[in-house]
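Add 4 to the 1-based position in the sequence shown for the working numbering, that's all there is to it.
Backbone N, C-alpha and C define an ideal beta-carbon position, used for all residues, glycine too.
A quick write-up on the structure given underneath.
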Amino acid sequence: MPAHLAAATTLFATSNAVLGSLKNGSPLWNPLTQPTGDLKPAADALALAFAGADPEVFAAAAMRESRSRMDAFLTGVERYRTASYSRNVSDPPPIWSEGSTRLLDYGAGSKNRPVLLIPSLINRGYILDLSQACSFARWLAAQGMRPLLVDWGAPGPAEQNFGLDQYIARLERGLDIAAKAGPVPVLGYCMGGLLAMALAVRRQVDIDRLALLATPWDFHAPNPATALRLSQFAAACEPLLALQGVLPVDVIQMLFFSLDPFLGVRKFTAFGAAAPDSARAEAFVALEDWLNDGAPLPATVARECLRGWYGDNTPARGE
C-alpha cells in the first residue's frame with residue numbers, strides 16, 4: 005500500500021509541478037526544444053491539442069483534475085482499508101503434509117478421480133479457493149472431481165535451503181498420494197505451472213493430463229529489457245538473501261509493483277467507483293487480501309528465478 009500511495013502522489017503532484025513550464029516554454033511550446041524518439045508523435049499530438057490554450061485556464065483545470073483523481077484514488081483506498089469482508093471459507097483437512105506443505109482434500113470421502121492443483125510459491129494457494137462465490141477447487145468438486153490442492157505455506161526450517169529441485173521432489177511425494185489408484189490430471193497455476201511441467205516430465209506414467217493457467221514461459225517476452233532489469237536486481241538482493249535466508253514478501257511485491265507502478269492507482273480508483281455492497285466490491289477485496297498475503301521465497305529459489313528465469317530465460321530455452 006505505501007508504494008501505491010507514493011506512486012499516486014508522485015503522479016498527481018508532479019503533473020501540477022510542471023505547469024510552470026507552460027508559461028516559460030516546455031518542449032511542447034518551445035520550438036527550439038524538440039522531442040525525439042518515441043515521444044515525438046505524442047508530443048506533436050499534445051501540442052496540437054493545446055494550441056491556443058490559455059495557460060492560466062489550463063493550469064487551473066489541470067489542478068482541479070489532479071485533485072479529483074487523487075480524491076477518487078484515496079476513496080478506493082479508504083473503502084478497501086475499512087472493508088468488513090474476511091475470507092468466508094475454511095481449508096479442508098489435509099491428507100498429507102511434509103514440512104510447510106500440505107495437500108488439501110476438497111473431495112474428502114469421495115471415490116471421484118483426483119486432480120492435483122499446484123499453485124505458485126509466492127502467493128497463497130487459496131487463490132483457487134478464494135471465497136464461497138469464487139472457488140475453482142470447489143467448482144471442480146461439484147463437477148465430479150476430487151481436487152487435491154498443494155498448500156505450500158511459508159518456508160520454515162525444513163525449506164530454508166530449498167531450491168526448485170527440492171520443491172519439485174516434494175511435489176513428487178505429493179503425487180505419490182494423489183496417484184495411488186492410477187494416473188491423474190495435474191493443473192498448475194502461475195509459477196506453479198512451471199513446477200507442474202517439471203513434475204510432468206519426471207512422472208509421465210503418473211500424469212495423464214496437464215493444464216496450465218496464467219503460467220509464464222518466455223520471460224523475455226514481450227520486453228526483454230524489463231526481464232533483464234529484474235534479473236540484475238538479484239545482485240542488489242544478495243546481502244538480504246544472505247542475512248535472512250529468504251526474499252521477503254515486501255521485496256517480492258515491490259518487484260511486481262515495478263512492472264506497472266500505476267496499476268494501483270487505476271484499480272483503487274475503479275474500486276472506489278463501485279457500489280460498496282456489490283458483488284464486484286466483495287470480489288475486489290477478496291482478491292486484494294490474497295495479493296497482500298504472500299509468502300517469502302527461500303534464497304536459492306529467489307536466485308534461480310531472478311537470474312535463471314528472468315536473466316537467462318531458462319524455461320524458454322528448455323533448461
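**Message:** If I measure Cβ to Cβ from His224 and keep anything under 6 Å in the same chain, skipping five residues before and after, which residues do I get?
**Reply:** Ala231 and Asn317
**Member of Val255, Glu242 and Cys138 whose CA lies at the smallest distance from the CA of Glu286** = Cys138
**Message:** Which same chain residues end up closer than 6 Å to Ala202 when comparing Cβ atoms and leaving out the 5 residues on each side of it in sequence?
**Reply:** Ile172
**Separation of Asp297 from Ala183, as counted between CA atoms** = 30 Å
**Request:** Go to Ala87, then tell me how far its alpha helix (DSSP H) extends in each direction, as first and last residue.
**Result:** Element bounds for Ala87: n/a, residue is neither H nor E.
**Asked** With C-beta atoms as the reference, is Leu1 less than 8 Å away from Trp294?
**Response** Outside the shown range of the chain, which is 5 to 323, sits residue 1, and nothing can be said about it.
**Item:** Ordered list of beta strand (DSSP E) runs contained in the region 144 to 198, each at least 3 residues
**Value:** 149 to 155 and 188 to 193
**Asked** Helix, strand or coil: how does DSSP classify Gly249 here?
**Response** coil
**Message:** For Asp180, count the other beta carbons within 10 Å of its own beta carbon; 16 or more makes it buried, fewer makes it exposed. Which is it?
**Reply:** exposed
**Message:** Tell me the DSSP secondary structure of Val408 in three-state form.
**Reply:** Any answer about residue 408 is impossible in this case: the structure gives the chain only from 5 up to 323.
**Asked** Is Asp155 buried or exposed, if buried means 16 or more other CB atoms sit within 10 Å of its CB?
**Response** buried
**Item:** As assigned by DSSP and simplified to three states, the class of Gly56
**Value:** coil
**Asked** Sorted by chain position, which residues of the same chain lie with C-beta nearer than 6 Å to Gly80's C-beta, five sequence neighbours on each side aside?
**Response** Phe272, Thr273, Phe275 and Gly276
**Request:** Verify whether the separation of the beta carbon atoms of Leu153 and Gly129 is less than 8 Å.
**Result:** yes
**Asked** So, is Leu227 buried or exposed, given that buried needs 16 or more other C-beta atoms within 10 angstroms?
**Response** According to the sequence as given, residue 227 is Asn; it is not Leu. It is exposed - the Cβ of Asn227 has fewer than 16 other Cβ atoms within 10 Å.
**Request:** Measuring alpha carbon to alpha carbon, tell me which of Pro45, Ala141, Ser124 and Ala146 ends up nearest Leu175.
**Result:** Ser124
**Prompt:** Between the Cα of Ala21 and the Cα atoms of Pro6, Ala49, Leu52 and Arg71, which residue gives the shortest distance?
**Reply:** Arg71
**Message:** Taking only three categories from DSSP, how would you classify Pro103?
**Reply:** The residue asked about is misnamed: residue 103 is Gly in this sequence, not Pro. DSSP places Gly103 in coil when its eight states are reduced to three.
**Prompt:** Whose CA, out of Arg177, Ala320, Gly103 and Leu259, lies closest to the CA of Thr219?
**Reply:** Ala320
**Request:** Look up Pro1 in the DSSP assignment and give the residues it is bridged to.
**Result:** The structure shown does not extend to residue 1, since the chain is modelled only from 5 to 323, so the question has no answer here.
**Request:** Would you check if the region 110 to 123 and the region 139 to 152 touch, i.e. whether three or more CB-CB distances between them fall below 8 Å?
**Result:** yes
**Message:** Residues in the same chain with beta-carbon distance under 7 Å from Phe16, minus the five sequence neighbours each way, listed in chain order, please.
**Reply:** Ser70, Arg73 and Met74
**Prompt:** Are the region 299 to 306 and the region 249 to 263 touching by the rule of at least three beta carbon pairs closer than 8 Å?
**Reply:** yes
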